[in-house]
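Participant: Dropping the structure in here first, questions after.
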Amino acid sequence: MLKSASAGTLESGDIYIEVSPIIEHKIDVKLTSIVAQQFGKRIKQIIIDEIAKRDLNGISVNVVDKGARDCTVKARINAVLNRAMDTEVIKWD
Amino acid sequence: MDKQQEIKNVAQSLNMKPYKKGWNSATHDRSYVPRIELQTQSSKLVDLETAIMKSGLKDGMTISFHHHFREGDKIINMVVDKLAQMGYRDLQLASSSLSDVHAPLIKHIQNGVITRIQTSGLRGELADAISHGLMDNPVIFRSHGGRAAAIENGELHIDVAFLGASSCDYLGNANGYSRSGREKSICGSLGYAKVDAENADKVIILTDNIVTYPNVPVTISEGDVDYIVLVDEVGDASKISSGAIRDTKNPHDILLAETAAKVVEHSGYFYDGFSLQTGSGGASLAVTKYLREAMITKNIKARYALGGITSHMVKLHEEGLIDKLLDVQSFDLVAATSLKNNRFHQQISASTYANPFENGSAINWLDVVILSALEVDTEFNVNVLTGSNGVIRGAIGGHPDTAAGAALSIVVVPLIRGRIPCVVDKVTTLITTGDCVDVVVTDQGVAVNPARPEIEQRLRKAKLPIMSIQELKDKAESVIGKPDSLVFGEKIVGVVTSRDGAVLDTIHQIIDEQI
Amino acid sequence: MNKNRLRRTMMFAPGNNPSMIQDAHIYGADSIMMDLEDSVALAQKDAARLLVYNALKSCNYGNTELVVRVNPLSTPYGMQDIEAVVRAGVHVVRMPKTETAQDVVECDEQITRVERECGREVGSTLIMAAIESALGVVNAYAIATASPRMMGIALGAEDYSANLKTNRSKEGIELLLARQTIVVAARAAGIDALDTVFSDLNDMEGFANEIKLIKQLGFDGKSVINPRQIPIVHNIFAPESQQIEKSLNIIRAMQEATAKGSGVISLKGKMIDRPVLLRAQRTIDLAIASGIISKDELYGYEVENNG
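Protein chains in written order, with my numbering: chain X, -10 to 82; chain F, 3 to 517; chain L, 2 to 308.
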């Protein structure tokens, strides 16, 4: 069960991510980034990988990146997915 | 023989003219009108359209401007709007630089009024549009010294110079400040404009403050001026120069400035009578503040400071820590006012500042210069013109000039800006060659050019965090990851020249890829 | 884990702020404290925890000690904070508002459980207890000795002075007993004493005066909230040249004794015992960290460190 949720801010170095459930069986990621050319693909991949780890499908992701590093992207996508899935117990890797 | 005949004969034999009564070289007859009244009848004072027509400007010619009014400039847009209105086409615009406020030029370029540009820099929407291929002809980028040399040797021929001034008398004596008390804005030095005034075929001064003759001490002399146009406002005063530039609060900049000051202190060039130039950006500006403490403690005075003069420099000058100021551009109101009032705060032209072909150029007598950068690469090359996304967003300025001339060139740059590495494998655009750059100061380490082992030795002894430029680059990459390469098109949108006018690098059109 | 290291400055970084979390170490502080407690809004506790977890796991902080201030175990967040940061490899867990030895024991037990579950060396995570109330001050020694993980006790002056029903003054007389008690308790327990933050960034002179005071009182270091505060603390904590000279002589005497295979170290006819040796080592460490001397001036000295 997925609900709409968001995490992160628009501050420099951060990344704002919004997720919402969609009917289609796909993971639709829309990314705006201040370093789109240099890191856009990489950021998108991190997000897709984290979603895949949770076996999710039918999800729309809207991303506004202000130059977040990999660790921040990973943190924010996991935060928003936890919120969207109302996760009680976190699985730490 | 009578005297008159003798005079006629002598004149003829010497190939001269005999005196004829009534002939007069002045633009008016010997008149008895009180001069305060007479000067207002100056034939130089005309409206803009008349000035343009009388200047003989034709399609295809080159017009020039200065950038002393920075983001507050109204002159360029005003003049080009008028030229467009008058039906001019195919003009080359040679401004000493261009900024955000010149975005309206985009439509003039689209309409073919302006087809070629020569400048030190581009910013904002105009830069973005040009980076994406707006113009058919590439923009020619020159350093301040390079531009001065090109103008003086004719490589860049200026047909008509349109020069804004904060005060101008009826005969054309113009300044970047005013003693009338009625000025609407001041900019201080008109150093870049002086070269244009002295070399252009025709010079038109635009001012919002006509004053009585003589407007001395003078920057642009009436002998160089053909026409004067009284305009409503040469620019937006608050954007031309603000009050003293406030000290940066950014902790990265503060760390950079402190480290750079320590580098200067221990470099071997910090002696009584040294000379100094700093940039205007947050970190390089603040270096002066930290050096001041060391100067007072060690009883060291500077012979002169050059630039780019800021209120920090003026403060040290007025405290007796810097003997003289050489000013090609006054960065704030304090500097502009000091230029007007302080006897040893001397205005210099861009040519006196940095002409690459003159041994006496002020930059050649600099001990230390502190510069900023967008990128530095592992060969110590510097880029100050294009952002890491390939879009033009800065200016060459005096960067390669000062780096070449100074005994010690220090480039101050954060290791990373957001997720953009500032120490890279290869600069996106080459502006200043690595052989002119001695020390790179970042907020996470200092690298010294291997060509200066004695500097490295001194800095290591002073326990500064020295590492190789390769280590700095690796550090940056390990923190933010390796960026994907930019996608450029075939079209060349910019040509970067070296100081002597040769082609140094090219800027290609940027292609925005969909991710 | 190194209990015995320099802790002159601990740079504060709010846990939900990526820029500050990732860059806190570049300004030269001896440690950084990422905060999940008071500087993080309730609605963002989960997000901040993930930020800190991921930063600890993947960022390179060099030799900087990594501290995380977790939420109290009495809140819904404390347990999850400990789960996350211990797994991520934090060096020190900072407990806020510690009042009794039992508080420490409970925290110790949870950390042990997580260490076992994630395969981390049991005992490798240290604890720093912040004392922020009258009761905490009264129990300072008990708190300092409540667990072998304890590496330091710190003063949290804002909550403490409120608890005393007074307010903070510039000279800080209302904090005197707390400061002295914390130093005494820390010394008796053989751990570090750390002072509270100074928040007025416009009063650098006042800040310097406070540093001189706490150094004289015997503190090992202080929390800082802005990089500008760091060099001021380090300069004031830098040892005098006379002190450095003395310490160098002691260390060299030790090196000579070791070279001769002798178990007894003597200098100018006097025997040098272990506490003196450790103090000399600490002085040299400080001198090196302050940039007064460099490591190569000491050709490989090493004092056995039994914690």
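Beta carbons are placed, not taken as given, at the ideal position from N, Cα and C, and that holds for glycine.
If you reduce the DSSP assignment to three classes, tell me which class F/Ile511 lands in.
Facilitator: Reading the sequence as shown, one finds Gln at residue 511 of chain F and not Ile. Here F/Gln511 sits in strand by DSSP.
Participant: If L/Ile245 sits next to L/Thr284, beta carbons under 8 Å apart, how far is it from one beta carbon to the other, in whole angstroms?
Facilitator: So it is a contact: roughly 6 Å between Cβ atoms.
Participant: If we count Cβ pairs, one from each stretch, closer than 8 Å, do we get three or more for the stretch 387 to 398 of chain F versus the stretch 351 to 363 of chain F?
Facilitator: These segments do not touch.
Participant: Could you tell me the distance, in whole angstroms, from the CA atom of L/Ala56 to the CA atom of X/Arg65?
Facilitator: Cα to Cα, L/Ala56 sits roughly 12 Å from X/Arg65.
Participant: Is it a yes or a no for the stretch 134 to 144 of chain L touching the stretch 97 to 115 of chain L, going by three-plus beta-carbon pairs under 8 Å?
Facilitator: Yes, the stretch 134 to 144 of chain L is in contact with the stretch 97 to 115 of chain L.
Participant: Say whether chain F places a C-beta atom closer than 8 Å to the C-beta of L/Asn61.
Facilitator: Yes, L/Asn61 counts as interfacial toward chain F.
Participant: At the level of alpha carbons, what is the spacing between L/Glu175 and L/Lys261?
Facilitator: When rounded, the distance between both Cα atoms is 53 Å.
Participant: Between the C-alpha atoms of L/Val277 and L/Lys271, what's the straight-line distance to the nearest angstrom?
Facilitator: Whole-angstrom Cα-Cα distance: 12 Å.
Participant: I want to see whether chain F comes within less than 8 Å of L/Pro19, judged by CB atoms only; does it?
Facilitator: Answer no: the Cβ-Cβ gap between L/Pro19 and chain F never drops below 8 Å.
Participant: Determine whether the Cβ of X/Lys(-8) lies closer than 8 Å to any Cβ atom of chain L.
Facilitator: Not an interface residue.
Participant: I'd like to confirm the pairing. Which residues does DSSP put opposite F/Gly123 in its beta bridges?
Facilitator: According to DSSP, which records beta bridges pairwise, F/Gly123 is partnered with F/Ala397.
Participant: L/Gln282: which of L/Gln256, L/Glu159, L/Arg121 sits nearest, CA to CA?
Facilitator: With distances taken between Cα atoms, L/Gln282 lies closest to L/Gln256.
Participant: If you drop the 5 nearest sequence neighbours on each side, which residues of the same chain put their C-beta closer than 7 Å to that of F/Tyr271?
Facilitator: Closer than 7 Å at Cβ, skipping near neighbours: Asp369, Val370, Ala409, Leu410.
Participant: Please work out which residues of its chain come closer than 6 Å, Cβ to Cβ, to F/Ser99, disregarding the five sequence neighbours upstream and downstream, and give them in chain order.
Facilitator: Here the set comprises His69, Thr121, Ser122, Gly123, Ala397.
Participant: If we count the other Cβ atoms within 10 Å of its Cβ and call it buried at 16 or more, is F/Ser44 buried or exposed?
Facilitator: It is buried - the Cβ of F/Ser44 has at least 16 other Cβ atoms within 10 Å.
Participant: Can you find the residues in the same chain that come closer than 6 Å, C-beta to C-beta, to F/Asn79, ignoring five residues on each side of it along the sequence?
Facilitator: If we look at F/Asn79 and ignore the five residues flanking it on each side, its Cβ neighbours are Pro106.
Participant: Which full runs of the beta strand (DSSP E) of 3+ residues lie inside the stretch 402 to 473 of chain F, going along the chain?
Facilitator: Listed in chain order, they are 410 to 414, 441 to 444, 447 to 450.
Participant: May I have the straight-line CA-CA distance separating L/Thr10 from L/Arg70, to the nearest angstrom?
Facilitator: Their Cα atoms are separated by approximately 15 Å.
Participant: Flag F/Ala307 as yes when its Cβ comes closer than 7 Å to any non-hydrogen atom of the ligand MN, and as no otherwise.
Facilitator: This structure simply doesn't include the ligand MN, nor any ligand for that matter.
Participant: Output the distance between the C-alpha atoms of F/Asn175 and F/Gly166, rounded to the nearest integer angstrom.
Facilitator: When rounded, the distance between both Cα atoms is 12 Å.
Participant: Compare the beta carbon distance of F/Ala262 and F/Leu278 with 8 Å and say whether it is the shorter of the two.
Facilitator: Taking 8 Å as the Cβ cut-off, F/Ala262 and F/Leu278 do not qualify as a contacting pair.
Participant: Please go through the same chain and pick out, in chain order, the residues whose beta-carbon is closer than 7 Å to the beta-carbon of F/Thr29, but skip the five residues on each side of it.
Facilitator: Confidence at F/Thr29 is low in this model, with a pLDDT of 48, below 50, so the placement of that residue is unreliable and no value is reported for it.
Participant: According to DSSP, L/Glu66 sits in a beta bridge with which residue or residues?
Facilitator: Partner(s): L/Ser32.
Participant: From F/Ala338 to F/Ile188, what does the alpha carbon distance come to, in whole angstroms?
Facilitator: Between F/Ala338 and F/Ile188, the C-alpha separation is close to 7 Å.
Participant: Going along the chain, which residues of the stretch 50 to 62 of chain X sit with their C-beta nearer than 8 Å to a C-beta in chain L?
Facilitator: From the stretch 50 to 62 of chain X, only Ala57, Arg58, Asp59, Cys60, Thr61 have a Cβ closer than 8 Å to chain L.
Participant: Can you confirm whether L/Gln23, when its beta carbon is compared against all beta carbons of chain X, has any partner nearer than 8 Å?
Facilitator: By this cut-off, L/Gln23 is an interface position.
Participant: In terms of DSSP beta bridges, what is F/Thr209 paired with?
Facilitator: The partner list for F/Thr209 (beta bridge, DSSP) reads F/Ala167, F/Leu232.
Participant: How would you list, in chain order, the residues of chain F whose beta-carbon sits under 7 Å from the beta-carbon of X/Arg31?
Facilitator: Going along chain F in sequence order, the residues near X/Arg31 (Cβ under 7 Å) are Gly483.
Participant: Going by Cα to Cα distance, which pick from X/Arg43, X/Ile79, X/Asp44, X/Lys19 is closest to X/Ile32?
Facilitator: Measuring from the Cα of X/Ile32, the nearest candidate turns out to be X/Lys19.
Participant: So, using beta-carbon positions, are X/Lys114 and X/Glu13 closer together than 8 Å?
Facilitator: Nothing about residue 114 of chain X can be reported from this structure: the residues present for chain X run from -10 to 82 only.
Participant: In chain order, what residues of the same chain have a beta carbon less than 6 Å from the beta carbon of X/Glu7, not counting five sequence neighbours either side?
Facilitator: Around X/Glu7: Ser(-5), Asn51.
Participant: Taking C-alpha atoms, which residue in F/Val386, F/Asp274, F/Gly284 lies nearest to F/Ala259?
Facilitator: Ranking F/Val386, F/Asp274, F/Gly284 by Cα distance to F/Ala259 puts F/Gly284 first.
Participant: Which whole-angstrom value is the C-beta distance of F/Asp226 and F/Val205, which I expect to be below 8 Å?
Facilitator: Sure, about 6 Å apart at Cβ, within 8 Å.
Participant: Using a Cβ-Cβ cut-off of 8 Å, state whether F/Asn391 counts as contacting chain X.
Facilitator: It does: the Cβ of F/Asn391 has a partner Cβ on chain X nearer than 8 Å.
Participant: Using the beta-carbon of each residue, which ones in chain L are nearer than 8 Å to X/Ile79?
Facilitator: Gln81, Glu84, Ala85, listed in chain order.
Participant: Leaving out the 5 sequence neighbours to the left and right, which residues in its chain are closer than 7 Å to F/Asn366 when beta-carbon positions are compared?
Facilitator: The residues are Gly407.
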